[in-house]
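Chains as they are written, first to last, in the numbering used here: chain A, 58 to 361; chain B, 58 to 361. Virtual Cβ for every residue (Gly too), placed ideally from N, Cα, C. Worksheet for the structure shown next.
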């Protein structure tokens, strides 16, 4: 059995799934002196990462030898894919290895994963709150767009359960700092999923719905181009995240269904209050909401 | 009767209402060599603008002599205040003067104003799509925050009716260019109000409602501070405009009530479609909306 893999340099980190976040982890860790290995489906990405010196070795197939070498494995996979991968390959992971992930929803993942691991393998869940808009069509485009500056100023959330050891929690927090995140915060699974439903998923659902209202008229492309010329920064800011990876986000929504539905219903309630106040000419209710939103939003200013 | 006041230098422009937009107009025009006069309620703002050389003369009272000197009058007032001001003072405006405004809603203002003017006075409506978040508590704070760089990259909308002359429309468009707006566009009153309901008012109603969902828990301030530490850029971008001048925006909403209600109902419909798809596990409907929003949002990218 390996020793507990404290994050001293010379440790080997295997990244499984070198999408946007996985590839940025690989870059950040190799730049900091760790030995990084990669497993991802795209041979193009493996070739590029090898050529860039981002990984020391890699494969587009599951590779028992790479897995055995890893002190730490980071899964940059969608929730359902992560679980499938572990069902097939968990037996290849040596005792003493610490696993972590980057998935944006925890309730449906963490306990399930923790229950399926071989003895001596610990899984400590994390959520790097970073990303980019859609960055291109090919996996190679995504790899090229994956740079650790995404993590600057961002939050790294560590989401332990009562199955986790203090050592693994500490290692995971250290990983967040090494990756360059501005803040590392510890949250329970429930608190994480409620918070992410409100701050991230509801926000994306709103932006997508608002963008779907855009009426280009008879000649859609022409009408949208005209609207775009008239658009101010507020609308642009609000809809930036309406460019969205539909496969990933629909899975994230479904993985957090009940919690997100709760948040969506609260939003519909508030928005309908505003709508009805307008319909009734009830200026005071509208102003009260505006004053409340102004005061609350002040708490979110970066300098406060 | 004065000559038609083409925007050659040495023309005198009177700004009535030196709030954020009015004051920025005054700065931009005086820097470009026009003689600028100011009428605004705050004596502090008049004193500061005189000291800064932003206006050549000014008053915190309605001043018949200043009004008589103006070739062009720009009203930087809320819609209801503008109409009240003209009811009391339109008789002071000399024939040949061209009036314009900065109000964000046109349907309830333009025809009413055009109907109440003395013979020989023309009103051509404009909407500078620029602004800032709430900038402080005093009128002097607002004046200090009013800088013409707000107009850089922004849209200037000219909203003529069949009462307007080609000369006045042309002068108004020229004004937008002199002020430094990136684009000057001509729109009908109806098109303007529908467009503004979608791009601006609905967007603000959403941001305010979303911010009003923020649940700080038992200790509100503490809870909000914790949420804020976990907040990513998407949420911050989307709620930036939830800091809002409640007096101004509730009036803008009410001034465009029917059109905005229509847009709010379309949004509720789209958002509910997303909500119900999630509730039913209908991944394909969610993904279809996400693909559609992604394609539409691309039309709004600044470089396209």
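| Check | Outcome |
| --- | --- |
| Taking C-beta to C-beta, are residue 229 of chain B and residue 327 of chain A nearer than 8 Å? | no |
| Specify whether the segment 196-204 of chain A and the segment 302-311 of chain B touch according to this definition: at least 3 beta carbon pairs, one from each stretch, less than 8 Å apart. | no |
| On the three-state DSSP scale, how would you describe residue 198 of chain B? | helix |
| Out of A/153, A/154, A/87 and A/265, point me to the one whose CA is closest to residue 237 of chain A's CA. | A/87 |
| Who are the near neighbours of residue 222 of chain B in its chain, counting only those whose CB is closer than 8 Å to its CB and skipping five residues on each side? | 179 |
| According to a CB-to-CB cut-off of less than 7 Å, which residues of the segment 222-254 of chain B neighbour chain A? | 240, 242 and 252 |
| Residues in the same chain with beta-carbon distance under 6 Å from residue 361 of chain B, minus the five sequence neighbours each way, listed in chain order, please. | Confidence at residue 361 of chain B is low in this model, with a pLDDT of 40, below 50, so its placement is unreliable and no value can be given for it. |
| Note down the Cα distance separating residue 279 of chain A from residue 254 of chain A, rounded to an integer number of angstroms. | 35 Å |
| Relative to the C-alpha of residue 285 of chain B, which candidate in A/226, A/105, A/354 and A/195 has its C-alpha closest? | A/354 |
| Return the chain-ordered ranges of every beta strand (DSSP E) run that is complete within the segment 116-148 of chain B and spans a minimum of 3 residues. | 129-132 |
| Just to make sure I have the definition right: I need the residues of chain B whose C-beta is within less than 7 Å of the C-beta of residue 306 of chain A. Which are they? | 347 |
| Quick one: what's got a C-beta closer than 8 Å to residue 197 of chain B's C-beta in the same chain, skipping five residues either side? | 99, 101, 102 and 105 |
| If I follow the unbroken beta strand (DSSP E) through residue 185 of chain B, where does it start and stop? | 182-186 |
| Within the same chain, show all residues whose beta-carbon is closer than 8 Å to that of residue 68 of chain A, passing over the 5 residues directly before and after it, in chain order. | 62, 91, 92, 128 and 129 |
| Please name the residue, chosen from B/156, B/166, B/195 and B/184, that lies closest to residue 177 of chain B on a Cα-to-Cα basis. | B/156 |
| CA-CA distance, residue 131 of chain B and residue 74 of chain B? | 8 Å |
| Quick one: is residue 195 of chain A buried, meaning 16 or more other Cβ sit within 10 Å of its Cβ, or exposed? | exposed |
| Going straight from the alpha carbon of residue 119 of chain A to that of residue 182 of chain A, what length do you get? | 22 Å |
| Three-state secondary structure (DSSP) at residue 343 of chain A? | helix |
| Short of 7 Å in beta carbon distance, which residues of its chain neighbour residue 343 of chain B, apart from the five on each side in sequence? Order them along the chain. | 331, 334 and 335 |
| Below 6 Å CB to CB, which residues in the same chain sit around residue 186 of chain A once its five sequence neighbours on both sides are set aside? | 211 and 212 |
| Under 8 Å between C-beta atoms, does residue 74 of chain A make it to chain B? | no |
| What is the DSSP secondary structure of residue 242 of chain B, counted as helix, strand or coil? | strand |
| Name the chain A residues whose beta carbon is nearer than 7 Å to that of residue 269 of chain B? | 327, 346, 349 and 350 |
| Between B/251, B/263 and B/288, which lies nearest to residue 319 of chain B when the distance is taken from Cα to Cα? | B/251 |
| What are the partner residues of residue 158 of chain A, as DSSP defines its beta bridges? | A/132 |
| Give the straight-line distance between the Cα atoms of residue 97 of chain A and residue 154 of chain A, rounded to the nearest whole angstrom. | 19 Å |
| How about residue 199 of chain A: is its C-beta nearer than 8 Å to some C-beta of chain B? | no |
| Which residues does DSSP list as the beta-bridge partners of residue 95 of chain A? | A/72 and A/115 |
| What alpha helix (DSSP H) runs, 4 residues minimum, are completely inside the segment 210-295 of chain B? | 223-236, 246-253, 260-269 and 277-287 |
| With residue 316 of chain B and residue 292 of chain A assumed to form a contact (beta carbons below 8 Å), what rounded beta-carbon distance in angstroms separates them? | Not quite, the Cβ-Cβ distance comes to about 16 Å (not below 8 Å), so this is no contact. |
| Does DSSP put residue 337 of chain B in a helix, a strand or coil? | coil |
| My understanding is that residue 263 of chain B touches residue 263 of chain A, with C-beta atoms under 8 Å, so please give their C-beta distance in whole angstroms. | 6 Å |
| Looking at the C-beta of residue 360 of chain B, does it have a partner C-beta in chain A at a distance below 8 Å? | In this predicted model, residue 360 of chain B has a pLDDT of only 48, less than 50, meaning its place in the structure is not dependable enough to derive any value. |
| By a C-beta neighbour count over all protein chains shown, 10 Å radius and 16 as the cutoff for buried, is residue 234 of chain B buried or exposed? | exposed |
| Count the other CB atoms within 10 Å of the CB of residue 65 of chain B; is the residue buried (16 or more) or exposed (fewer)? | exposed |
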